[in-house]
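A.B. asks: In order, the protein sequence lines correspond to chains B and A.
For what it's worth, full-length UniProt numbering labels the leading residue of the first sequence as 1, then goes sequentially.
For what it's worth, full-length UniProt numbering labels the leading residue of the second sequence as 1, then goes sequentially.
Quick reminder that beta carbons are idealized off the backbone N, C-alpha and C, glycines included.
Quick one: this structure, given as structure tokens, is what I'll be asking you about.
Protein chains: 2
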Amino acid sequence: MGVEIERKFLVKGDRWRSLGSSEFYRQGYLTTAQDGCTVRVRLVGDRACVTIKGRTVGNRRAEFEYAIPAADAEEMLDTLCQKPLIEKNRYKILSGSLVWEVDEFMGENAGLIVAEVELSDPQQVIDLPDWVGEEVSGDPRYFNAYLAQQPFSQW
Amino acid sequence: MGVEIERKFLVKGDRWRSLGSSEFYRQGYLTTAQDGCTVRVRLVGDRACVTIKGRTVGNRRAEFEYAIPAADAEEMLDTLCQKPLIEKNRYKILSGSLVWEVDEFMGENAGLIVAEVELSDPQQVIDLPDWVGEEVSGDPRYFNAYLAQQPFSQW
């Protein structure tokens with residue numbers, strides 16, 4: 001079991017695009033908002049996993065992740081996960097000692113771009129790159145599980 | 001991915017108790033009835049798994065199962081799974097070429113005893129042992145996921 005501590009921000013401009021490389025993520029959820037936790041199926045290239053996350057308390061969240069066969073993930077995404085699926089390009093951008101993940105959403109969430117950084121401690125002080133904008137940590141609308149039910153195009 | 005084909009029955013009398021040995025199962029669910037599938041966490045001795053099952057169609061059901069660390073299962077059962085948990089002794093009983101699983105439920109489901117047999121083909125003809133009673137295949141009240149929300153003691 002891990003505990004995820006992360007902060008989430010909107011992004012400004014396009015400069016971040018040239019600062020890292022991206023991979024295509026396809027993921028979906030087996031749970032709905034009524035459940036106390038989320039169960040996510042994710043496929044990135046030929047790597048796949050199931051991730052179980054508890055409720056967010058502050059900016060901490062219990063997380064259990066298990067690698068699974070890519071074929072299982074494809075079948076669960078197609079037949080079991082709620083629609084729409086979340087499809088996004090994830091850019092990894094190194095800034096100082098931190099790795100930022102910038103998610104550029106597609107499909108029904110096109111237009112939304114969110115930057116996340118994982119911290120080792122909730123009190124950790126971070127330097128914000130100049131392309132990082134308004135903080136949205138803890139705003140449930142930006143949870144990927146929420147975007148699968150209320151996509152950005154419907155906000 | 002597997003497909004589970006099973007039939008489920010109530011049991012008669014106590015003779016089945018002497019026909020096999022049992023293990024204690026502790027399991028819980030991360031999903032609710034509103035979800036199209038169930039996600040189960042199960043712990044048996046020091047063996048644990050996460051199992052994802054699709055909707056039941058006839059007596060077939062898609063099933064994906066992954067071994068996980070027992071410590072993860074304990075933490076998820078205690079903190080993330082819906083209550084009450086399902087606690088039962090499972091007896092394995094060989095009859096002819098079939099292995100019957102008899103679940104004797106405890107806690108809020110005490111008094112309920114159910115026998116299941118897994119088939120290789122939906123049309124397979126089976127001989128019912130004399131301790132097997134009324135068939136309840138497909139009756140959703142007997143799904144373990146349902147018993148976690150509407151335990152037998154509340155029927």
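#1: With a CB to CB cut of under 6 angstroms and the five nearest residues on each side skipped, what residues in its chain are close to tyrosine 91(B)?
#2: Would alanine 73(B) and alanine 48(B) qualify as a contact pair, given that the criterion is a beta-carbon distance under 7 angstroms?
#3: Quick check on DSSP: helix, strand or coil for aspartate 130(B)?
#4: Which parts of the region 63 to 121 of chain A are runs of the beta strand (DSSP E), unbroken and 3 residues or longer, counting only runs that do not cross its ends?
#5: For alanine 71(B), count neighbouring Cβ atoms within 10 angstroms of its own Cβ and tell me buried if that reaches 16, exposed if not.
#6: Report the start-end ranges of each beta strand (DSSP E) in the region 5 to 63 of chain A that is 3 residues or longer and not cut off at the edges.
#7: Can you find at least 3 beta carbon pairs, one from the region 113 to 127 of chain A and one from the region 3 to 12 of chain A, that sit closer than 8 angstroms?
#8: Are the C-beta atoms of cysteine 49(A) and some chain B residue less than 7 angstroms apart?
#9: Answer yes or no: does any C-beta atom of chain B fall closer than 7 angstroms to that of tyrosine 142(A)?
#10: Rank Ile93(A), Arg61(A), Glu118(A) by C-alpha distance to the C-alpha of leucine 80(B) and give the top, closest one.
#11: From which residue to which residue does the alpha helix (DSSP H) around alanine 145(B) run?
#12: For a cutoff of 7 angstroms on Cβ pairs, would you count tyrosine 146(A) as touching chain B?
#13: Go through its chain and collect everything with a Cβ distance to glutamine 82(A)'s Cβ below 6 angstroms, but skip five positions before and after it.
#14: Going along chain A in order, which residues have a C-beta closer than 9 angstroms to the C-beta of isoleucine 68(B)?
#15: Which residue from Phe152(A), Glu108(A), Val132(A), Gly133(A) puts its Cα closest to that of proline 140(A)?
#16: Can you round the beta-carbon distance between isoleucine 93(B) and tryptophan 16(B) to whole angstroms, since I take them to be within the 8 angstroms contact cut?
#17: At least one CB of chain A closer than 7 angstroms to the CB of leucine 128(B): is that the case?
#18: Considering only their Cβ atoms, is the gap separating arginine 26(A) from leucine 43(A) smaller than 7 angstroms?
#19: Consider the Cβ of glycine 54(B): report whether some Cβ of chain A lies at a distance smaller than 7 angstroms.
#20: Mind pulling the chain A residues with CB within less than 7 angstroms of methionine 106(B)?
#21: Hey, is leucine 98(B)'s beta-carbon within less than 7 angstroms of any beta-carbon in chain C?
#22: Serine 18(B) to leucine 119(B), Cα distance in whole Å?
#23: Quick check: residue 160(A) and tryptophan 131(A), are their CB atoms within less than 7 angstroms of each other?
#24: Of all Cβ atoms in chain B, is any one closer than 7 angstroms to the Cβ of valine 44(A)?
#25: Any Cβ of chain A within less than 7 angstroms of the Cβ of leucine 85(B)?
#26: Using DSSP's beta-bridge definition, name the partner residues of valine 3(B).
#27: Taking 7 angstroms as the limit between beta carbons, can you name the residues of its chain near lysine 88(B), skipping five residues before and five after?
C.D. replies: Looking at the atomic coordinates:
#1: For tyrosine 91(B), where only same-chain residues beyond five positions count, the Cβ hits under 6 angstroms are Gly20, Ser22, Val102.
#2: Alanine 48(B) sits close to alanine 73(B), with the two beta carbons spaced by under 7 angstroms.
#3: Coil, per DSSP.
#4: Those beta strand (DSSP E) runs which fall completely within the region 63 to 121 of chain A and span 3+ residues are 86 to 95, 98 to 105, 113 to 118.
#5: Taking a 10 Å sphere around the C-beta of alanine 71(B), we find fewer than 16 other C-beta atoms and assign the residue as exposed.
#6: List check, beta strand (DSSP E) in window: 21 to 29, 38 to 44, 47 to 53.
#7: They touch, by the three-pair rule.
#8: Among the CB atoms of chain B, none fall inside 7 angstroms of the CB of cysteine 49(A).
#9: Closer than 7 angstroms: no.
#10: For leucine 80(B), the nearest C-alpha among the options comes from Arg61(A).
#11: Residue range 144 to 147 is occupied by the alpha helix (DSSP H) that includes alanine 145(B).
#12: Chain B contact via Cβ: absent.
#13: Excluding residues within five positions, the ones whose Cβ falls inside 6 angstroms are Tyr29, Ala148.
#14: Near isoleucine 68(B) (Cβ distances below 9 angstroms), the residues of chain A are Phe64, Tyr66.
#15: Phe152(A) is the residue among Phe152(A), Glu108(A), Val132(A), Gly133(A) whose C-alpha sits nearest the C-alpha of proline 140(A).
#16: Contact holds; Cβ gap of about 6 angstroms.
#17: Residue-level contact check: leucine 128(B) does not touch chain A, since none of the beta carbons of chain A fall below 7 angstroms from its beta carbon.
#18: Yes, Cβ-Cβ distance for leucine 43(A) and arginine 26(A) is below 7 angstroms.
#19: Among the residues facing chain A, glycine 54(B) is included, as its CB has a counterpart in that chain under 7 angstroms away.
#20: Listed along chain A is no residue with a C-beta nearer than 7 angstroms to that of methionine 106(B); the closest approach is about 24 angstroms.
#21: Considering every chain present, this structure includes no chain C. Its protein chains are B and A.
#22: Using only the alpha carbons, I get a separation of about 24 angstroms.
#23: Since the first and last residues shown for chain A are 1 and 155, residue 160(A) lies out of range.
#24: Valine 44(A) has a beta carbon lying at 7 angstroms or more from every beta carbon in chain B.
#25: With its beta carbon at least 7 angstroms from every one in chain A, leucine 85(B) lies outside the interface.
#26: DSSP output for valine 3(B) lists Ala62(B) as bridge partner(s).
#27: Around lysine 88(B), the same chain offers Tyr25, Asp103, Glu104, Phe105, Met106 as residues with beta carbons nearer than 7 angstroms, after the five sequence neighbours per side are excluded.
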